[in-house]
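Residue numbers for the sequence shown, in my numbering: 42 to 280. We put the beta carbon where it would ideally sit given N, CA and C, even for glycine. See below for the structure under consideration.
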Amino acid sequence: MYEVKSETPRHVAIIMDGNGRWAESRGLPRIAGHRRGADRVREVVESCPDLGVSHLTLFAFSTENWKRPEQEVQGLFRLLRRYIKKEGARLVAEGARVRFIGDRTRLSRELQALMAGLEAQTAANDRLHLTVALNYGGRDELTRAAQRLAEAVRRGEVSPDEIGPETLERFLDTVGLPDPDLILRTSGEHRLSGFLPWQSAYSEFSFVEARWPDFTAEMFAAEVRSFGRRERRFGAIAG
Ligand code: IPE
Ligand code: IPE
Ligand code: MG
């Protein structure tokens, strides 16, 4: 079945890119761009319910971002900890259900505890499903899923000839989430950088020039609206 001009993307996933360049172009340290970028998140999160977006996924740190200078990585994690502590109560009050995807085993105990705490505190909410991709990489996610699936086969819980796409999905970090309808990337780069390769098979894409610290709720609303003018066919023919 094809879907004609679905009005609103139910799930929007954002690659928040361009913080470093935003700062560098102003003669500021890169971390200043990340700080401004973190401030930008709130506006976009808050605008989702009114726009009809029920699921928002944000790419915050990739499995490849460890390649950056130690100082920047440390600064990013300091910001993330601060963000969870500072915004946690607000997210609870707003009815957001927060969950994290990615490999958290490499993160500090303190951060892991903050993440688990926020997930538990917001578990009963459903006004907005907010997913944060932290130490996330698509190949890493699929590899971990394959490992866990292989374990299930070994235990005799799954038979190899019964494995279908839905089986694999049960082992992904995103289990239970709808696929993103719209994937948006800021700062003019036209690539996924490992973001949701399985889940984006039929996503629409939007690449905007603005760097993430300059990306406003109005720009977000414009992207959400322009999605409504697209025709998704899912392999069928237009009706
Ligand atoms: C995105 O901004 C944030 C993270 C990757 C953590 P960048 O830091 O990649 O900014 P640019 O791409 O260097 O400008
Ligand atoms: C992708 O951006 C990761 C995040 C936004 C968290 P990068 O800036 O790391 O991607 P590349 O290196 O330009 O592909
Ligand atoms: Mg970048």
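Query	Result
Alpha carbon to alpha carbon, how far is residue 67 from residue 187? Give it in angstroms, no decimals.	44 Å
In the DSSP assignment, find the beta strand (DSSP E) that holds residue 173 and state where it starts and stops.	169-177
Could you pull the DSSP bridge partners for residue 98 from this structure?	54 and 172
Am I right that residue 100 and residue 236 are in contact with their C-beta atoms under 8 Å? What's the rounded C-beta distance?	5 Å
Going by beta-carbon coordinates alone, are residue 60 and residue 253 separated by less than 8 Å?	yes
With a CB to CB cut of under 7 Å and the five nearest residues on each side skipped, what residues in its chain are close to residue 50?	94, 222, 223, 265 and 268
List the residues that DSSP assigns as beta-bridge partners of residue 245.	223
Below 8 Å, how does it come out for the stretch 126-133 and the stretch 191-204: are there three or more Cβ pairs, yes or no?	no
From this set, 214, 88 and 135, which residue's C-alpha is nearest residue 176's C-alpha?	214
Given the structure, does residue 136 come close to ligand 3, in the sense that its CB is under 7 Å from one of the ligand's heavy atoms?	no
When every heavy atom of ligand 2 is checked, does at least one fall within less than 7 Å of the C-beta of residue 261?	no
Any residue with its C-beta under 5 Å from a non-hydrogen atom of ligand 1 counts. Can you list them all in chain order?	58, 59, 60, 61 and 62
Quick check on residue 112: does DSSP put it in helix, strand or coil?	helix
How is the beta strand (DSSP E) around residue 138 delimited, first residue to last?	137-142
Would you mind working out which of 97, 134, 154 and 165 sits nearest residue 121, comparing C-alpha positions?	154
Could you check if residue 107 is buried or exposed, using at least 16 other CB atoms within 10 Å of its CB as the buried criterion?	exposed
Examine ligand 2 and report whether any of its heavy atoms sits within less than 7 Å of the Cβ of residue 244.	no
Rounded to whole angstroms, what's the CA-CA distance from residue 190 to residue 70? Just pull it up for me.	43 Å
Can you say whether residue 261 is buried or exposed, counting buried as having 16 or more other CB atoms within 10 angstroms of its CB?	buried
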